[in-house]
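Inspection log for the structure reproduced underneath, given as structure tokens.
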């Protein structure tokens, strides 16, 4: 079974601060996705990273796929209250199905 | 113009009852999924259908039976509901069965009393 551990599990910060969320596994994934989920809604895809070492930017969000394709990170610069939500990483492995991480609940206080 | 829709949004029922959750996608996708999200927000795949054929069937009690009448619909029927079935169930779809670009519905919160 391919497992994805996210850290931290909970993160509460002030508006304007920077933060990094980590997604780690002992397994190799062909690609990795990050989703954000808001209360009462389904997860929404933010980005897909495919190549080891790949870095993608989405406005203030920077996503990185580890060189060995076993881990990923999400960095948010100057967080805003609108960034509040549950961040989920998800990897696609040999079974071609998504395995979701344990999630990081981010709260950005005004 | 909702992409992936589910009904009902909330479902409260008693143990032992049988219930169904419906899902429809208007994205023209070939693949649809059912996921279960527990109280700790962990999201786990239950089933996947590609062009109406079952391709993923995780270790789920056989009280859960998915049905796909056509590519745009994937319903979930649950027999003899148990307390432990309480969770949020999400339907999702993707253009292919390679797992990429999944689009999720709003979820159905099932509470079994």
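Protein chains in written order, with our numbering: chain Y, 2 to 111; chain S, 169 to 281. Backbone N, C-alpha and C fix where the C-beta goes; we use that ideal spot for every residue, glycine too.
For residue 34 of chain Y, the enclosing beta strand (DSSP E) begins and ends at 32-38. Segment contact: the stretch 207-217 of chain S against the stretch 179-196 of chain S, fewer than three CB-CB distances shorter than 8 Å; contact not assigned.
Only buried fits residue 104 of chain Y, as 16 or more other CB atoms lie within 10 angstroms of its CB. Secondary-structure assignment with DSSP links residue 229 of chain S through no beta bridge to anything. For residue 253 of chain S, the secondary structure class from DSSP, reduced to helix, strand or coil, is helix. Annotation for residue 91 of chain Y: the continuous beta strand (DSSP E) segment containing it runs 86-93.
Across the structure, residue 227 of chain S and residue 100 of chain Y are spaced so that their CA atoms are roughly 14 Å apart. In the DSSP assignment, residue 45 of chain Y falls within the unbroken beta strand (DSSP E) covering 45-50. For residue 44 of chain Y, the nearest beta carbon of chain S is closer than 9 Å to its own beta carbon.
Residues of chain S whose Cβ lies closer than 8 Å to the Cβ of residue 81 of chain Y do not exist, since the nearest Cβ in that chain is about 22 Å away. Residues of the stretch 177-211 of chain S with a C-beta atom less than 7 Å from some C-beta of chain Y are 209, 210, 211, listed in chain order.
Not a single C-beta of chain Y is nearer than 9 Å to the C-beta of residue 254 of chain S. For residue 70 of chain Y, the closest Cβ of chain S is not nearer than 9 Å. Residues of the stretch 71-105 of chain Y with a C-beta less than 7 Å from any C-beta of chain S: 87, 89, 93, 97, 98, 99, 101, 103, 104, listed in chain order. Proximity of chain Y to residue 258 of chain S at the Cβ level (cut-off 8 Å) is accounted for by 43, 44, in chain order. At least one beta carbon of chain Y lies nearer than 9 Å to the beta carbon of residue 271 of chain S. By alpha-carbon distance to residue 9 of chain Y, the top candidate from Y/95, Y/110, Y/88 is Y/88.
Taking each of Y/40, Y/110, Y/64 in turn and checking the Cα distance to residue 51 of chain Y, the smallest one comes out for Y/64. Selection S/183, S/172, S/173 evaluated against residue 246 of chain S yields S/183 as nearest (Cα-Cα). Taking a C-beta distance under 9 Å as the contact criterion, residue 258 of chain S and residue 44 of chain Y qualify as a contact pair.
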